[in-house]
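Participant: The sequence shown begins at 640 in the numbering used here and counts up one residue at a time. Even for Gly, the Cβ is constructed at its ideal location relative to N, Cα and C. If you're wondering where the values come from, they're calculated on a predicted model, not measured in any experiment. Before we start, here is the structure in question, set down as structure tokens.
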Amino acid sequence: MGTEQTFLAAEDARFASFFPAGSTLERIAEGFIWAEGPVWFDEIAELRFSDIPNNRMMAWSEHAGLRVFRQPAQWTNGHTRDRTGAMISCEHGGRCISRTTMDGGYEVLATHWRGKRLNSPNDVVVKSDGSIWFTDPPYGIVSDHEGIRAESEIGGNHVYRIDPASGVVERIADDFDRPNGLAFSPDETTLYVADSGRARGHGFGSDDSRPHHVRALEVIDGCRLGASRVVAEIDRVPDGLRVDTEGLLWVSAADGVHCLTPSGQRLGRVLVPEVVANLTFGGPGRSRLFICATSAIYAVDTTRCGAQIS
């Protein structure tokens, strides 16, 4: 694939040190409608991600290039990995959270909350205790573009937790407009959640009065959420996000990837020529930043290290 000259917009002197001298932003794969949900598999050196409107999951590696991993794929969106290495996926079409093992085994983990069907799970993260935390906006049911058009049974867009012992789905936050990407701080005392309410989704247009920020929520007793604060407003909307081992936030945005301190100071941006949906750290030492940007996947080497498995 072609190579783009990396363009870093630094707002703090530290930002330039986050990238090796001479690093470039490389377009490693292209030809998608809406690339999303990247997840890295270190043991096979493979990146997997969703191409939602094409209803497929893709896989890319340096040695084998690009291939279709699964199609149809129930319009999957976000992915992560659990502590066994299995892939945990958010399915718009199935309106569920599913699990795929390395040997190809598949099971559905959650479809309902209190007897009502989920909207369209969007993004997911696994805590060290094995609990699965996910967001559930309506983007997969507002049209047939990224799922199957349907009415919401729940009537709201919330954040949920799947208990690792019982499998029970618990609602842990109910005050979001469109909860989207999420990630834990390295010590798991804070859960960061993006609210993309300003972008209402297909059929809704945009509403500037709605949220377009990242919030930080206190994690209490490892299973509940407490005090909340807005970390930063993001141009247009934030979508996916990741945290590095030193606690910095890397947030997808219309103009690229924004790097923020936990207090919300923006240190700089990785400017990408397409709207960015999501990102993850992978590669050797989890130091390569993989970026899902609309029709293509980009990658850039960093001096950082991703805090979580994906």
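Do asparagine 761 and asparagine 693 count as a contact pair if the criterion is CB distance below 8 angstroms?
Facilitator: No; because the gap between Cβ atoms is not below 8 angstroms, this pair is not in contact.
Participant: Please return the same chain residues whose Cβ sits closer than 6 angstroms to the Cβ of glycine 733, not counting the five positions on each side in sequence.
Facilitator: Around glycine 733: Gln713.
Participant: Check whether the segment 675-691 touches the segment 722-736, counting contact only when three or more Cβ pairs, one atom from each stretch, lie closer than 8 angstroms.
Facilitator: Output reads yes: the segment 722-736 touches the segment 675-691.
Participant: Quick check: serine 926 and threonine 900, are their CB atoms within less than 8 angstroms of each other?
Facilitator: No.
Participant: Going by DSSP, what residues sit across from arginine 738 in a beta bridge?
Facilitator: According to DSSP, arginine 738 bridges with Ile727, Glu746.
Participant: Ordered along the chain, which non-local residues of its own chain (more than five positions away) have a Cβ less than 8 angstroms from that of histidine 841?
Facilitator: Confidence in histidine 841 is poor, its pLDDT being 43 and thus under 50, which makes the residue's placement unreliable; the coordinate value appears in the next sentence. Closer than 8 angstroms at the Cβ level, and outside the excluded window around histidine 841, lie Tyr778, Val781, Ser782, His784, Glu785.
Participant: Less than 8 angstroms between the beta carbons of arginine 759 and glutamate 746, yes or no?
Facilitator: Looking at the sequence itself, residue 759 is serine, so the reference to arginine does not match. Going by C-beta atoms, serine 759 is not nearer than 8 angstroms to glutamate 746.
Participant: For glycine 820, I'd like the list of residues in its chain whose CB is within less than 6 angstroms of its CB, leaving aside the five on either flank, ordered along the chain.
Facilitator: Closer than 6 angstroms at Cβ, skipping near neighbours: Asp762, Ala833, Asp878, Gly879, Leu880.
Participant: Within the continuous beta strand (DSSP E) that includes tryptophan 714, where are the two ends?
Facilitator: Taken as a continuous stretch (DSSP letters only), tryptophan 714 belongs to no beta strand (DSSP E), as it is neither H nor E.
Participant: DSSP beta-bridge partners for asparagine 917?
Facilitator: Paired residues: Cys931.
Participant: Would you say valine 876 and alanine 946 are within 8 angstroms of each other, going by their C-beta atoms?
Facilitator: The answer is no: Cβ separation not under 8 angstroms.
Participant: Can you tell me which of Ala652, Ala892, Thr884 puts its alpha carbon nearest to the alpha carbon of alanine 838?
Facilitator: Nearest option by C-alpha distance: Ala892.
Participant: Whole angstroms is fine: what's the gap from glycine 924's alpha carbon to cysteine 944's?
Facilitator: Taking the straight line from one Cα to the other gives about 7 angstroms.
Participant: Taking the beta strand (DSSP E) that tryptophan 673 falls in, what are its first and last residues?
Facilitator: Element bounds for tryptophan 673: n/a, residue is neither H nor E.
Participant: Within its chain, find whatever has a CB closer than 8 angstroms to the CB of histidine 702; leave out the 5 residues flanking it on each side and keep chain order.
Facilitator: Ala684.
Participant: Under 6 angstroms Cβ to Cβ from aspartate 940, same chain only, skipping five residues before and after it: list those, please.
Facilitator: Correct list, in chain order: Pro659, Ser662, Arg927.
Participant: Rounded to whole angstroms, what's the CA-CA distance from isoleucine 787 to leucine 906? Just pull it up for me.
Facilitator: In a straight line, the C-alpha of isoleucine 787 is about 39 angstroms away from that of leucine 906.
Participant: Report the rounded CA-to-CA distance for valine 764 versus alanine 652, giving the unit in angstroms.
Facilitator: Going by the C-alpha atoms only, they are around 31 angstroms apart.
Participant: Going by other Cβ atoms of all chains shown within 10 Å of its Cβ, with 16 needed for buried, is threonine 642 buried or exposed?
Facilitator: Reliability of the predicted coordinates at threonine 642 is poor, the pLDDT of 44 falling under 50, and no value is obtained from them.
Participant: Could you tell me the boundaries of the beta strand (DSSP E) in which phenylalanine 773 lies?
Facilitator: From DSSP, the beta strand (DSSP E) with phenylalanine 773 extends over 771-775.
Participant: Just confirm the distance between the C-beta atoms of methionine 697 and phenylalanine 708, as a whole number of angstroms; I'd bet it's less than 8 angstroms.
Facilitator: About 6 angstroms separates the two Cβ atoms, so the contact holds.
Participant: So what's asparagine 758 in DSSP terms, helix, strand or just coil?
Facilitator: Coil at asparagine 758, not helix or strand.
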